[in-house]
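Have a look at the structure below, then the notes.
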Amino acid sequence: MHSEMLPLRNQSQPNPLELFQIWLNLPAVDKMCEPSFTMLWAEQVPKIRRIHTDGRRVEVVVIAGAFDDTSPLHPPSNSWASKDSAEVAVWHLHLDPGTSLELPPTRSAETIRTLYVFDGDGVQIDETHLGCDTGSVLRSNDITTLQSSGGADCLVLQGRPIGEPVVRKGPFVMNDEAGLRQTFIDYQRTGFGGWPWPVDGPVHDPDRKRFAVHPNGFVEEPT
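Next up, the structure:
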């Protein structure tokens, strides 16, 4: 259960928001694990910056999955991303105009790597140009060189398939119809722990700084 209501920090000017919602499935053996989450505060997420002598910049934000020798923050312990063999990666790539970047190869040819260009002029991969708002499945176990003449921001999503059946409806993802029916029964019976707020769309005080409340009551704030 969750609500995606955000306070308006600026009352008299725009409040821009750019959001990617990425769903990562769980193996059947982990679907009934204790709920938990991990906050990846922006200032703590590792970043690789390569600055050319003329000031042009290439940056990799390592959200999940190691990039060369840079390791990410730890994911939740039961996440598919916590399995080293899963080769899960989420990287935000920024290329200034006239720069290039090599993506390191995966260990397994079964690992699927997809590149999405979401801002800028696009990138060139060999003879193929990927413009803004387009994507491509890459050959993951080879080095891939991205070149951008006009600059680009890209998202790399990568992982080895779990290899299990998937049945989904609404926000619920299970392995078979019986499991999906049971999930709806559990939700209708328990509300997955209930809803502690008096309204469906609660909004926190816009003057309060960022925080997260964990299941044990611990309040976490970025340092």
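Going by full-length UniProt numbering, the letters in the sequence shown line up with residues 1 to 223, in that order. No residue lacks a Cβ here, since even glycine has one placed at the ideal position from N, Cα and C.
- Residue 190: member of the alpha helix (DSSP H) spanning 177 to 190, first to last residue.
- Assigned with DSSP and collapsed to three states, residue 44 falls in helix.
- Across the set 35, 86, 117 and 190, the C-alpha of 117 shows the shortest separation from the C-alpha of residue 133.
- For residue 132, no beta strand (DSSP E) run applies, since DSSP gives it neither H nor E.
- For residue 36, there is no enclosing beta strand (DSSP E), as DSSP gives it neither H nor E.
- Rounded to the nearest angstrom, the Cβ distance from residue 144 to residue 103 is 4 Å, consistent with a contact under 8 Å.
- Its Cα nearest to that of residue 90, the residue 40 stands out among 125, 40, 124 and 54.
- Residue 8 counts as exposed, since fewer than 16 other beta carbons sit within 10 angstroms of its beta carbon.
- Measuring C-alpha to C-alpha distances from residue 37 to each of 139, 93 and 78 identifies 78 as the nearest.
- Rounded to the nearest whole angstrom, the CA to CA distance from residue 99 to residue 151 is 8 Å.
- In the DSSP assignment, residue 29 falls outside any beta strand (DSSP E), carrying neither H nor E.
- Out of 165, 113, 119 and 149, the CA that lies nearest to the CA of residue 142 is found in 113.
- Residue pairing for residue 58: DSSP places it in a beta bridge opposite 50 and 95.
- Pairwise C-beta distances place the segment 27 to 37 in contact with the segment 163 to 180, as three or more of them are shorter than 8 Å.
- Counted as a single uninterrupted DSSP element, the beta strand (DSSP E) harbouring residue 155 occupies residues 152 to 159.
- No residue range can be given for residue 209, since it is assigned to no beta strand (DSSP E) and is classified by DSSP as neither H nor E.
- One thing to note: residue 201 has its Cβ no nearer than 7 Å to the Cβ of residue 32.
- With contacts defined as CB atoms closer than 7 Å, residue 75 and residue 82 qualify as a contacting pair.
- Under the DSSP definition of a beta bridge, residue 70 partners with 67.
- In this structure residue 121 touches residue 149 by the C-beta definition: roughly 7 Å separates them, less than 8 Å.
- As a beta-bridge residue in DSSP terms, residue 100 pairs with 147.
- When only Cα atoms are considered, residue 3 and residue 34 end up about 20 Å apart.
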